[in-house]
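Going by full-length UniProt numbering, 4 is the number at position 4 of the sequence shown; the sequence numbering is gapless. Backbone N, C-alpha and C fix where the C-beta goes; we use that ideal spot for every residue, glycine too.
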Amino acid sequence: MKKADPTTAVWRKSSYSGDDGGECVEVALASPSPGVVPVRDSKDPSGPVLLFPSAAWQSFVSSLRDGSLPFG
């Protein structure tokens with residue numbers, strides 16, 4: 001299996017991220033590895049990247065959208 005290289009990814013900042021320097025999350029638009037979703041802190045683009053299985057990320061996003069998480 002090819003190892004994910006998030007440095008080659010194109011990133012999109014979350015629409016929930018503000019411009020006030022607070023909670024800023026970016027998600028890679030096209031993952032460098034199939035089945036993986038890279039996520040990082042936009043305030044630290046050279047910092048750590050979390051790699052989530054695609055199904056887990058989709059479940060998380062769906063839970064945010066439908067309000068089933070307490071902070072969505």
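Assign residue i to one of three DSSP states: helix, strand, or coil.
i     : result
Asp44 : coil
Leu69 : coil
Val61 : helix
Roughly how many angstroms lie between the CA atoms of residue i and residue j, to the nearest whole one?
i     : j     : result
Leu64 : Pro45 : 24 Å
Gly35 : Ala56 : 10 Å
Val61 : Ala28 : 14 Å
Leu51 : Lys43 : 18 Å
Can you check DSSP and say which residues form a bridge with residue i?
i     : result
Ala30 : Per DSSP, none; premise fails for Ala30.
Only counting the same chain, and skipping five residues up and downstream in sequence, which positions put a Cβ closer than 7 Å to that of residue i?
i     : result
Ser59 : none
Could you name the residues of the same chain whose beta carbon sits closer than 6 Å to that of residue i, not counting the 5 residues immediately before and after it, in chain order?
i     : result
Ser14 : Val25
Arg40 : Glu26 and Val49
Leu69 : Ser63
Does any residue of chain C bring its CB to less than 7 Å from the CB of residue i?
i     : result
Gly35 : In summary, chain C is missing from the structure at hand, where a single protein chain is found.
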